[in-house]
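Protein chains in written order, with this note's numbering: chain U, 1 to 400; chain C, 1001 to 1160.
Below is one structure; the comments refer to it alone.
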Amino acid sequence: MNAVYDHMVAIVFIGIMFVWAVSVVPQMSFNSIQAVNQQQLRNMELNVFNSLLLDTGSAVNGSTNTKDWGSLTPFSQNAVTRFGLSSVGESTLFTLDPDKVQRLTDNPLGSISYERTKQLLGLEGYNFIFQILPPFNVTNADGTKIDMDNSPIDVWELQNGAHPTLAYQVRIVFLDGRPIPNATVQSTAIYTEGTNFNITGPITSKSNEMGIAHTSTALAFAPSSIMVIMKVSVADVATIVVTFGQILDDIVDINIVGDQVTLTEPKAPNNGAVWLMDMYYYSIEGGAQHLYTGGKDGANKLNTGSGEFLNWTRNFNGLKSLDPVVMILNVYAVPNNGELPENGRQDLVVAGPYQNLLGYTVFEYGPSNPGLSTIVSSQRSVIISGMTYTAQFILWKESA
Amino acid sequence: MRIIEVIISLFIIVAALSFTSLLSIAPTSPKYEATELEKLGYNVLHDLDEQGLLPRFVYSSEWQNLTSALRVTLPISIYFNLTVYKIERTAVNGAVVDNYVAINSGSNGLIQYGDNSAFLSSKDVASVTYGVVGYTTKISQTNFQTNYSPRVLVLELTRG
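See below:
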């Protein structure tokens, strides 16, 4: 009898053990598999991110290999054989080549597609997002984004013959929205009226406890076209913001590849011919510096048609070593601001290559939504054209 | 008697399974997280050093600027606490002893972002040690003097 009870109790225990095993063991092995997958994903993400930031990459240029693949002219993404954004010849780590970074954007001189980059990085079956973030944000005083439609600058024209006054007010905040007091704002105003062109500045101001910096200065004449370039520094870590006093769309596209500046005029809408009058570059160290004097002649003409005036290209030896962040052009063209031009063709100021993006997320490369997949991400501090940014890399597996 | 055998068998099986799960290291474990924070911390200090900002902040005691620079270069979710040490060499009973003396003490010298409790409660606190060996001063247009005066920076990082 005892043996029967003994067996019965043992069977009950084994039954409990069976139920427990059925419910818990698969979960444990699933967690282990998931942990191993995540571990593999993280290892892969760190390796890819490191090669992206520390490797120069390479491309085939004729019969030779070049590490300076961002400066290939003409550019073909198929010529790139290894992908990396590091600057050639830099002894320092995490310094990215602006030419290579610009190949990731919608570049009229040629860009590298997301699929091609995935292939070069060996990320078939995975997706990634590569972001470059500014160290802090510069907004309008009310917190809205600075863009063509919302400019922080204002020009007061006085009636008594006094010089007109330029005023601006911006807010400098950490990326979490907290204000940054004591940030330095150095502003340079570039403006035109008719055929007059002038540069004023730099004018320095400091942000208050609310993170707001404001200043005003007299201009030489009342401008019809004006832009203000602001170098905003927090503890000498600087970013550049370009603001416009008026909406000027599609006058000319500015592209820099190595030492070469190429201007292309957008196809639509048609603004007619554009003449390049003056060209300046703006760098973190040197501010606005004169680079080229043009004129109303065939050598400085662009138009929307085809033929010899389709592009304007010049090589400026040593330009890349000066770390130009923004190119500033004084062009003779018809303003295309959605209204009929009052004075026809006139001098206008335009900037590039990425004036709309400075001061905010510089760009995001890759699909925008990772969905419900498990993601891993890393951040690193990087330097591009003398400015500090945070690079972020997010990786996840493609869903089956 | 068989009940005892069954219980012992169950105990062995459960122990074996628990042991195997302990061996696997999840990516969110302190081991991975601290390594990642260490890389990030070293990367940020290195970048500031390369730009010539770190020696200036350290040797001019610009602690507020150093705090701001770290805040804008580190991601917003990262809390930090930085201590700057100078090395004082003293002779004790004929033996030379190096003492590390913190030089950014007091409320004005605090180089910190985030709540102290985050460092105490978090399991994933990384510590990066970074050396700044000296600074250069300009004597004339063409002459510079390099001053050897090492400082040791200890940067603690955690996620907020």
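Just so it is clear, CB atoms sit at the ideal spot from N, CA and C, and this is done for glycine as well.
From a predicted model like this one, the values you see are computed outputs, not experimental measurements.
Should residue i be flagged as near chain C, meaning a C-beta pair shorter than 8 Å?
i, result
"Pro135 of chain U", "yes"
"Leu175 of chain U", "yes"
"Thr388 of chain U", "yes"
"Ile14 of chain U", "yes"
"Asp297 of chain U", "no"
"Leu93 of chain U", "yes"
"Met44 of chain U", "no"
"Val237 of chain U", "yes"
"Asp55 of chain U", "no"
"Asp149 of chain U", "no"
"Arg380 of chain U", "yes"
"Ala402 of chain U", "The question about residue 402 of chain U has no answer here: the residues shown for chain U are numbered 1 through 400."
"Ile129 of chain U", "no"
"Asp142 of chain U", "no"
"Asp6 of chain U", "yes"
"Val464 of chain U", "For chain U, the structure presents residues 1 to 400; residue 464 of chain U sits outside this window and is missing."
Are the Cβ atoms of residue i and residue j separated by less than 8 Å?
i, j, result
"Val325 of chain U", "Leu96 of chain U", "no"
"Ala1069 of chain C", "Val237 of chain U", "yes"
"Val1044 of chain C", "Thr1073 of chain C", "yes"
"Leu1155 of chain C", "Gly1041 of chain C", "yes"
"Val376 of chain U", "Leu329 of chain U", "no"
"Phe309 of chain U", "Asn315 of chain U", "no"
"Thr1197 of chain C", "Ile1111 of chain C", "Residue 1197 of chain C cannot be examined here, being either before or after the span of chain C that is shown, 1001 to 1160."
"Ile212 of chain U", "Ala141 of chain U", "yes"
"Phe136 of chain U", "Leu175 of chain U", "yes"
"Pro1055 of chain C", "Val1132 of chain C", "yes"
"Val173 of chain U", "Pro179 of chain U", "yes"
"Leu348 of chain U", "Thr117 of chain U", "no"
"Val401 of chain U", "Ile394 of chain U", "The requested residue 401 of chain U does not occur in the structure, where chain U is confined to residues 1 to 400."
"Asn317 of chain U", "Leu263 of chain U", "no"
"Ala220 of chain U", "Asn198 of chain U", "yes"
At a Cβ threshold of 8 Å, is residue i touching chain U?
i, result
"Ser1061 of chain C", "no"
"Glu1036 of chain C", "yes"
"Ala1102 of chain C", "no"
"Asn1065 of chain C", "yes"
"Ile1139 of chain C", "no"
"Ser1117 of chain C", "no"
"Ile1076 of chain C", "yes"
"Glu1088 of chain C", "no"
"Asp1047 of chain C", "yes"
"Ser1107 of chain C", "no"
"Glu1050 of chain C", "yes"
"Ser1068 of chain C", "yes"
"Ile1003 of chain C", "yes"
Could you give the residue range of the alpha helix (DSSP H) that holds residue i?
i, result
"Gln159 of chain U", "Where Gln159 of chain U is concerned, there is no enclosing alpha helix (DSSP H), given that its DSSP letter is neither H nor E."
"Gln1064 of chain C", "1063–1073"
Tell me the rounded alpha-carbon separation between residue i and residue j.
i, j, result
"Ile1139 of chain C", "Gln1145 of chain C", "7 Å"
"Ser111 of chain U", "Gly201 of chain U", "36 Å"
"Asp106 of chain U", "Gly352 of chain U", "13 Å"
"Ile190 of chain U", "Tyr281 of chain U", "12 Å"
"Asn1147 of chain C", "Ile1103 of chain C", "18 Å"
"Leu358 of chain U", "Thr195 of chain U", "No answer about Leu358 of chain U holds up, because its pLDDT of 49 lies below 50 and its placement is not dependable."
"Gly295 of chain U", "Val331 of chain U", "9 Å"
"Val1117 of chain C", "Tyr1079 of chain C", "Val is not the amino acid found at residue 1117 of chain C; the sequence shown has Ser there. Between Ser1117 of chain C and Tyr1079 of chain C, the C-alpha separation is close to 11 Å."
"Val60 of chain U", "Gln392 of chain U", "28 Å"
"Gly122 of chain U", "Ala1126 of chain C", "31 Å"
"Glu157 of chain U", "Asp147 of chain U", "23 Å"
"Glu115 of chain U", "Asp1047 of chain C", "31 Å"
"Ala218 of chain U", "Gly245 of chain U", "15 Å"
"Gly57 of chain U", "Ser86 of chain U", "8 Å"
"His290 of chain U", "Ser224 of chain U", "21 Å"
"Ser151 of chain U", "Val138 of chain U", "12 Å"
"Ala333 of chain U", "Val350 of chain U", "11 Å"
"Val12 of chain U", "Phe30 of chain U", "27 Å"
The beta strand (DSSP E) that contains residue i, what's its start and end?
i, result
"Pro1055 of chain C", "It is not in any beta strand (DSSP E) - Pro1055 of chain C instead sits in the alpha helix (DSSP H) that spans 1053–1059."
"Met277 of chain U", "274–283"
"Met327 of chain U", "324–333"
"Ala1102 of chain C", "1095–1102"
"Ile180 of chain U", "Ile180 of chain U -> no beta strand (DSSP E), and no H or E assigned at all."
"Met387 of chain U", "387–397"
"Asn65 of chain U", "64–66"
"Ser58 of chain U", "58–61"
"Leu1155 of chain C", "1144–1159"
"Trp312 of chain U", "311–315"
Do we get a CB-CB distance below 8 Å when we pair residue i with the residues of chain A?
i, result
"Thr1073 of chain C", "Looking for chain A here will not work: the only protein chains present are U and C."
Task: Complete beta strand (DSSP E) runs within the region 226–257 of chain U (minimum length 3 residues, chain order) - done: Note on the region 226–257 of chain U: whole beta strand (DSSP E) runs with a minimum of 3 residues are 237–244, 253–257, in chain order.
Open item on the list: Extract the residue ranges of the alpha helix (DSSP H) inside the region 82–155 of chain U, only unbroken runs of 4 or more that lie entirely within it.
Closed with: Restricting attention to alpha helix (DSSP H) runs no shorter than 4 residues, the region 82–155 of chain U encloses them at 98–102, 114–121, ordered along the chain.
TODO: Run through the region 1116–1141 of chain C for me and flag every whole alpha helix (DSSP H) of 4 or more residues, listed as ranges in chain order.
DONE: Within the region 1116–1141 of chain C, the complete alpha helix (DSSP H) runs of at least 4 residues are 1116–1121.
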